[in-house]
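Participant: Each residue of the sequence shown is one higher than the one before, starting from 409 at the first, in my numbering.
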Amino acid sequence: MKLLQESLMELIRRTSAEIPDDVHRATLAALEAEKKGTIAESAMKIIEQNIQLAKKKSQPICQDTGSVIFYVDCPVGFDQITFEEAARKAVVEATKKGFLRQNSVDSITGKNDGTNLGPGAPTVHCHQHRSPEASVRLMLKGGGCENVGAQYSLPNEKIKANRDLDGCRKAILDAVLQAQGKGCGPGILGVCIGGDRATGYEQSKVQLLRKIDDANPSTELDKLEKDIVETANKLGIGPMGFGGKTTLLGCKIGVLNRVPASYFVSISYMCWAYRRQGVVLNGEGGISNWLY
Ligand code: SF4
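In structure tokens form, the structure reads like this:
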């Protein structure tokens, strides 16, 4: 339990202070692409300086800790109760050490007890798999960007979106338009087509665990992902909504089955402070390797 707790502490520290390499590469490419001397270039430069400074000082990239969400893939027999206890302890310890800002409040009273613990905080999703290894991915999902997430029920007359991939495209691009100037862009979209209202949103966040430069196994969806990024980056919204070429760094789309009566498109918007890291644990709870 102690070693597992220490491993989770290190996972939290690194997630909070270090942007994963694939995201950093995309940020640097966006900085390079912005026109010199523009506000968009300045915004990307500040973002880059922030990323460098947080890593060097081992301090949170952003004051908004965001929702602390663990995704665990574990073998049969893995003790989920012990894992959740260790995760909660690690969150409290990481908060004490300043790796996580005290940022979780009681939803009714608004009281902050300073621990980042409470109902749903942290959230732990466990899934069993046949592999003997356990892997743990952690996402810190900022509040500002969570506020601009959106769910569309198709057909939607307002945006003229039917129940097909073109309708999904219209819904996703409408969400990008609605988010402009909010959500701390450039953004990365996690999208789910189908499911119900709860599973759609949940799957949209799972899509954010993918690497920015990966390819969707479905040719059709891969094409749509690339088209969304390309089209959004021609809208002129730019970093933080200041104008420019970088509105989105990525778009990842997954699909769940639906019932014939429903057709949801659920969109989770991730901000530039795209904090996700992951580890593979050995049998004793130590870290055997990093996933991003
Ligand atoms: S939305 Fe992201 S960048 Fe903006 S304040 Fe929250 S964590 Fe920070």
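For every residue, glycine included, the Cβ atom is placed at its ideal position computed from N, Cα and C.
1. With DSSP as the reference, identify every bridge partner of Leu-689, one or two as the case may be.
2. Glu-628 and Leu-573: beta carbons closer than 8 Å?
3. Would you report the Cα separation of Pro-428 and Tyr-700, rounded to the nearest angstrom?
4. Leaving aside the five residues before and after Gly-608 along the sequence, list all residues of the same chain whose C-beta is less than 6 Å from its C-beta, in chain order.
5. Run through the segment 474-507 for me and flag every whole alpha helix (DSSP H) of 4 or more residues, listed as ranges in chain order.
6. Using DSSP bridges, identify the partner residues of Tyr-671.
7. How many whole angstroms separate the CB atoms of Ser-612 and Ser-676, which I take to be in contact at a CB cut-off of 8 Å?
8. Got a sec: does the ligand SF4 put a non-hydrogen atom nearer than 7 Å to the Cβ of Gly-551?
9. Does the beta-carbon of Asp-622 have 16 or more other beta-carbons within 10 angstroms, so that it is buried, or is it exposed?
10. Which residue or residues does DSSP assign as beta-bridge partners of Cys-659?
11. Is the segment 468-478 in contact with the segment 550-570, if contact means three or more CB pairs nearer than 8 Å?
12. Quick check: is any heavy atom of the ligand SF4 less than 7 Å from the C-beta of Trp-680?
13. Would you kindly check if the distance between the Cβ of Gly-575 and the Cβ of Ala-583 is under 8 Å?
14. With a threshold of 7 Å (Cβ to nearest heavy atom), would Gly-591 be considered close to the ligand SF4?
15. For the ligand SF4, I want to know if Gly-445 counts as a neighbour, meaning its beta carbon is within less than 7 Å of at least one of the ligand's heavy atoms.
16. Please list the segments of the beta strand (DSSP E) lying wholly inside the segment 590-650, counting only runs of 3 or more residues, in order along the chain.
17. For the ligand SF4, is there a heavy atom less than 7 Å away from the beta-carbon of Asp-582?
18. Whose C-alpha, out of Gly-658, Val-637, Ser-450, Gly-602, is nearest the C-alpha of Val-667?
19. When DSSP labels each residue in this structure, what does Cys-470 get in the three-state scheme?
20. For the beta strand (DSSP E) containing Ser-424, name the first residue and the last one.
21. Can you tell which of Leu-412, His-533, Lys-463, Gly-445 has its C-alpha closest to the C-alpha of Ala-498?
22. Indicate the three-state DSSP secondary structure (helix, strand or coil) for Lys-575 in the structure shown.
23. Helix, strand or coil: how does DSSP classify Asn-524 here?
24. Inspect the CB distances between the segment 479-491 and the segment 529-542 and report whether three or more fall short of 8 Å.
25. To the nearest angstrom, report how far apart Leu-546 and Pro-483 are at their CA atoms.
26. Which partner residues does Thr-531 have in the DSSP bridge list?
27. Rounded to whole angstroms, what's the CA-CA distance from Ala-437 to Gly-595? Just pull it up for me.
28. Which residues mark the beginning and the end of the alpha helix (DSSP H) in which Ser-512 is found?
29. Are the beta-carbon atoms belonging to Val-431 and Ser-543 less than 8 Å from one another?
30. Give the range of the alpha helix (DSSP H) segment to which Gln-457 is assigned.
31. Taking Cβ to Cβ, would you say Arg-618 is nearer than 8 Å to Thr-423?
Facilitator: Taking the structure as given:
1. Leu-689 has Ala-542, Ile-695 as its beta-bridge partners, per DSSP.
2. yes
3. 6 Å
4. Cys-600, Phe-672, Ser-674
5. 488-504
6. According to DSSP, which records beta bridges pairwise, Tyr-671 is partnered with nothing at all.
7. 4 Å
8. yes
9. exposed
10. Checking the DSSP bridge columns, you'll see Cys-659 partnered with Leu-597.
11. In short, these stretches touch, since the Cβ pair count reaches three.
12. yes
13. no
14. yes
15. no
16. 595-602
17. no
18. For Val-667, the nearest C-alpha among the options comes from Gly-602.
19. coil
20. Segment 410-425 is the alpha helix (DSSP H) holding Ser-424; no beta strand (DSSP E) there.
21. Leu-412
22. Sequence check: residue 575 is Gly here, not Lys. Looking at Gly-575 - three-state DSSP - the assignment turns out to be helix.
23. Coil at Asn-524, not helix or strand.
24. yes
25. 18 Å
26. Ile-477
27. Their Cα atoms are separated by approximately 14 Å.
28. Careful: Ser-512 lies outside any alpha helix (DSSP H) and carries neither H nor E.
29. no
30. Per DSSP, Gln-457 belongs to the alpha helix (DSSP H) from 447-465.
31. no
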